[in-house]
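K.L.:
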Ligand code: MN
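In this note's numbering, the protein residues as written are 1143 to 1369.
#1: Given a cut-off of 7 Å, decide if residue 1243 and residue 1197 are closer than it, judged by their beta-carbon atoms.
#2: On a CA-only basis, which of 1150, 1199, 1155 and 1187 is nearest residue 1272? Give me that one, please.
#3: Name the DSSP bridge partner or partners of residue 1218?
#4: My output table needs one value for residue 1180: the three-state DSSP class, helix, strand or coil.
#5: Tell me whether the beta-carbon of residue 1192 lies closer than 7 Å to the beta-carbon of residue 1274.
#6: Could you compute how far the alpha carbon of residue 1290 sits from the alpha carbon of residue 1358?
#7: Is residue 1341 close to the ligand MN? I mean its beta-carbon at under 6 Å from any heavy atom of the ligand.
#8: Enumerate in chain order the residues of its own chain whose CB-to-CB distance from residue 1279 is below 6 Å, with the five nearest sequence positions on each side excluded.
#9: With DSSP run on the structure shown, which of helix, strand or coil describes residue 1200?
#10: Can you give the Cα-Cα distance for residue 1391 and residue 1231, rounded to whole angstroms?
#11: For residue 1331, count the other beta carbons within 10 Å of its own beta carbon; 16 or more makes it buried, fewer makes it exposed. Which is it?
#12: Give a yes or no on whether the C-beta atoms belonging to residue 1361 and residue 1301 are separated by under 7 Å.
#13: Within 6 Å: the Cβ of residue 1216 and any heavy atom of the ligand MN?
#14: Does the separation of the CB atoms of residue 1368 and residue 1345 fall below 7 Å?
#15: What separation, rounded to the nearest whole angstrom, lies between the Cα atoms of residue 1352 and residue 1165?
#16: With a threshold of 7 Å between beta carbons, is residue 1241 in contact with chain D?
#17: For the segment 1225 to 1240 against the segment 1295 to 1310, do three or more pairs of beta-carbon atoms, one drawn from each stretch, fall closer than 8 Å, so that the two count as touching?
#18: Pull up the DSSP beta-bridge partners for residue 1308, would you.
#19: Within 10 angstroms of the Cβ of residue 1266, are there 16 or more other Cβ atoms? Answer buried if so, exposed if not.
#20: At the level of alpha carbons, what is the spacing between residue 1257 and residue 1341?
#21: Can you name the residues that DSSP bridges to residue 1225?
#22: What residues match up with residue 1321 in a beta bridge as DSSP calls it?
Here it is in structure tokens:
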């Protein structure tokens, strides 16, 4: 059977120290998952259950370049731990959730903050703020067999050599196993799914020419130039 036009390419991500690649199925993100970031965005971290949104698989960008998007003059960085799944299911228990993880990477949830603020005010969805072209720069995936799991450790982002975001993975309100478990109550998770696990405080705007360097203890750093 022929496709009526050439099938879109499968999005794949590099895996550290191998020629193998990770094929992406879906991208999920959790909002306001660090108390200090929830507070800086004007929310009470204690009262809100987790909520999720999605980006598109081909928003993931391993190239090291982030093209400043149109229709915004306030594009923010959000450094996040990315969790890449090798299997999935529904109603996954917290206790078994990490069995589904293939590996981890450093990622950025780039956000058109002005459009997000408009959407929040109007009660509209967030796609234009979150799911735009190349909105999720991501580094090499490191297999969990090498890294172990991530429940604590420094997570930071420097812009042009100056510290901007700083936190610890132990500040996550919903931990990685809880995120996987809760997501699987709403969606059928599967191999190839990538979950961005939220950002610590210190988000801020970037400009063309800026160089962002994201670091998470135990993972290769992510260096991204805004072009
Ligand atoms: Mn985010």
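From the three backbone atoms N, C-alpha and C, an ideal C-beta is built for every residue, glycine too. Computed from a predicted model, the values in this text were never measured in an experiment.
P.N.:
The relevant details are as follows:
#1: No, these two residues do not count as a Cβ contact at 7 Å.
#2: Closest option to residue 1272, Cα to Cα, is 1199.
#3: Beta-bridge partners assigned by DSSP to residue 1218: 1253 and 1347.
#4: Here residue 1180 sits in helix by DSSP.
#5: Judged by beta-carbon spacing, residue 1274 lies beyond the 7 Å limit of residue 1192, meaning their Cβ atoms are not closer than that value.
#6: Between residue 1290 and residue 1358, the C-alpha separation is close to 13 Å.
#7: It does: the Cβ of residue 1341 is within 6 Å (strictly closer) of some heavy atom of the ligand MN.
#8: These residues qualify, in order along the chain: 1203, 1208, 1250 and 1366.
#9: Helix, per DSSP.
#10: For residue 1391 there is no data in the structure shown, the boundaries of the chain being 1143 and 1369.
#11: Taking all protein chains shown into account, residue 1331 has 16 or more neighbouring C-beta atoms within 10 Å of its C-beta and is therefore buried.
#12: Not closer than 7 Å, so no.
#13: No, since every heavy atom of the ligand MN falls outside the 6 Å radius drawn around the Cβ of residue 1216.
#14: With a cutoff of 7 Å on beta-carbon distance, residue 1368 and residue 1345 are scored as not near each other.
#15: Taking C-alpha positions only, residue 1352 is separated from residue 1165 by approximately 29 Å.
#16: Annotation note: the requested chain D is absent from the structure, which comprises a single protein chain.
#17: Not touching, per the Cβ criterion.
#18: Looking at the DSSP assignment, residue 1308 forms a beta bridge with 1298.
#19: Residue burial annotation: residue 1266 is exposed, with fewer than 16 other C-beta atoms found within 10 angstroms of its C-beta.
#20: Residue 1257 and residue 1341 have their C-alpha atoms spaced approximately 19 Å apart.
#21: According to DSSP, residue 1225 bridges with 1246 and 1337.
#22: The partner list for residue 1321 (beta bridge, DSSP) is empty, contrary to what the question assumes.
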